[in-house]
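In the working numbering, the protein residues as written are 7 to 398.
This report refers to the structure that appears directly beneath it.
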């Protein structure tokens, strides 16, 4: 039953979040073009090869000696030695298993780094949506401010407007112009960040409205799927497995090492040859190695537990924050849908029903509500991006 719930939770997230994801095309480009990811992939390959190095016995040794006799009458002597040393057999079994675990860990590390890079790209896209929406709003307000400023310039020229109202109109117009420029600077900065993430290839992203994402109905069952799918946590889990296997390898390394080979001694009229066998006596070479491996294993386990605790609390906080933001956005939508007075206010001002000061005050109320909703939508998207980062 639990598996069914988890499967439904994962399916629900896939449909509700990724089925409507406007950021996917950009993230796909970045994953394909990112020079950072390519470098990380090559580094992963190199590390995997390194982990598969040193798993075989040492190279065989061959020695040859030619000794001149003195006095010359006794003749010369030739020595030949061929030997092969090797660890206790269980060492090689543990080394091979350890290398497999290390390679799994390297893959999780790469996936974690990839997730962080794509999450950075997604948060940049979310910020872009916010500034694109602001640009759309300020463009409308700037058009109104321009018409008002031009009107007051004409009235000022004919003496039909007082200086105070003229100054208000010009200040309002200047503020709108400067805000548009500030927004353009922020948009260009964010697009530049995406270009860097995309391997230097420019990215186009002009979405200006956020969607209507939904939260999973049950946090606990959703979190179980998130924990299992998070590569950063999987990396720490794999490090625990590596540490435990390292303990076993350290124990095996304390067992004797062996050598076997051929030895020959050749004189003028005599020769001696046969088998040479040797064994090391493990006294002090690996002292404290097992203790160190055990301590490292305990540290890895504690790091994993701490990371899980922090991850759970962070996602729980983001989940609750997202729930509150959804409620705030719903209230803003209700108010703005019922009281969208932007066009009505401008018409009322043009018809003389509102003074310039009243118009500016009223439009400021509308703008504040619109901007607050846009900020809430952005914050919700950022929270959901972090919640669902494991799906990247």
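Yeah, the Cβ is synthetic: ideal placement off N, Cα and C, and Gly gets one too.
Just so it is clear, the structure is predicted and the values come from calculations on it, not from any experiment.
Inset, instruction - Note the first and the last residue of the continuous alpha helix (DSSP H) segment covering residue 115. - result: 95-164
Inset, instruction - Would you please state the rounded distance, in angstroms, between the beta carbons of residue 216 and residue 135? I believe it to be under 8 Å. - result: 6 Å
Inset, instruction - Using a threshold of 7 Å, state whether the C-beta atoms of residue 388 and residue 59 are closer than that. - result: no
Legend entry - 7 Å Cβ cutoff met for residue 274 and residue 81: yes
Inset, instruction - Below 8 Å on the Cβ atoms is my guess for residue 203 versus residue 91; work out the distance and round it to an integer in Å. - result: Going by Cβ atoms, the distance from residue 203 to residue 91 rounds to 51 Å, so no, they are not a contact pair.
Legend entry - Delimiting residues of the beta strand (DSSP E) encompassing residue 266: 264-272
Inset, instruction - Taking 7 Å as the cut-off, decide whether the C-beta atoms of residue 53 and residue 97 are in contact. - result: no
Inset, instruction - Note down, in chain order, each residue of its chain lying with its Cβ closer than 7 Å to the Cβ of residue 155, except the 5 sequence neighbours on either side. - result: 175, 176, 179
Legend entry - Three-pair Cβ contact test at 8 Å for the region 293-304 versus the region 369-384: no
Inset, instruction - Note down the Cα distance separating residue 197 from residue 173, rounded to an integer number of angstroms. - result: 36 Å
Inset, instruction - Using 10 angstroms around the beta-carbon of residue 101, count the other beta-carbons present and answer buried if the total reaches 16, otherwise exposed. - result: buried
Legend entry - CA nearest to the CA of residue 244, picked from 93, 260, 381, 310: 310
Inset, instruction - Have a look at residue 147 and residue 185 and give me their C-alpha separation to the nearest angstrom. - result: 11 Å
Legend entry - Check whether residue 124 and residue 239 have beta carbons under 7 Å apart: no
Legend entry - Coil, strand or helix - residue 73 by DSSP: strand
Inset, instruction - Determine the DSSP secondary structure at residue 375, reduced to helix, strand or coil. - result: helix
Inset, instruction - Flag this pair as yes or no: are the beta carbons of residue 258 and residue 292 separated by less than 7 Å? - result: no
Legend entry - Counted within 10 angstroms of its Cβ, other Cβ atoms place residue 170 as buried (16 or more) or exposed: exposed
Inset, instruction - Pick out whichever of 49, 77, 41, 390 has its Cα sitting closest to the Cα of residue 221. - result: 390
Legend entry - Residues sharing a beta bridge with residue 282, DSSP: 267
Inset, instruction - Report buried or exposed for residue 319, applying the criterion of at least 16 other Cβ atoms within 10 angstroms of its Cβ. - result: exposed
Inset, instruction - Would you kindly check if the distance between the Cβ of residue 229 and the Cβ of residue 118 is under 7 Å? - result: no
Inset, instruction - Report the rounded CA-to-CA distance for residue 290 versus residue 64, giving the unit in angstroms. - result: 21 Å
Inset, instruction - Leaving aside the five residues before and after residue 105 along the sequence, list all residues of the same chain whose C-beta is less than 7 Å from its C-beta, in chain order. - result: 57, 58, 61
Inset, instruction - Could you tell me whether the Cβ atoms of residue 248 and residue 38 are closer together than 7 Å? - result: no
Legend entry - Counted within 10 angstroms of its Cβ, other Cβ atoms place residue 395 as buried (16 or more) or exposed: buried
Inset, instruction - Would you decide whether residue 67 is buried or exposed? Buried here means 16 or more other CB atoms lie within 10 Å of its CB. - result: exposed
Inset, instruction - Assign residue 16 to one of three DSSP states: helix, strand, or coil. - result: Reliability of the predicted coordinates at residue 16 is poor, the pLDDT of 45 falling under 50, and no value is obtained from them.
Legend entry - Cβ-based neighbour list, residue 201, same chain, cut-off 8 Å, excluding 5 preceding and 5 following: 207, 208, 209
Legend entry - Whole-angstrom distance between residue 324 and residue 16, CA atom to CA atom: Bear in mind that a pLDDT of 45 at residue 16, under 50, signals an unreliable position, so the number given afterwards is only what the model happens to contain. Approximately 18 Å, taken between the alpha carbons.
Legend entry - Supposed close pair residue 137, residue 192 - CB separation, criterion 8 Å: 5 Å
Legend entry - Residues that residue 89 bridges to, as DSSP identifies them: 67, 267
Legend entry - Residues that residue 322 bridges to, as DSSP identifies them: In the DSSP output, where bridge partners are listed per residue, residue 322 has none listed.
Inset, instruction - Output the distance between the C-alpha atoms of residue 354 and residue 157, rounded to the nearest integer angstrom. - result: 15 Å
Inset, instruction - Tell me whether residue 187 sits in a helix, a strand or coil according to DSSP, three-state version. - result: helix
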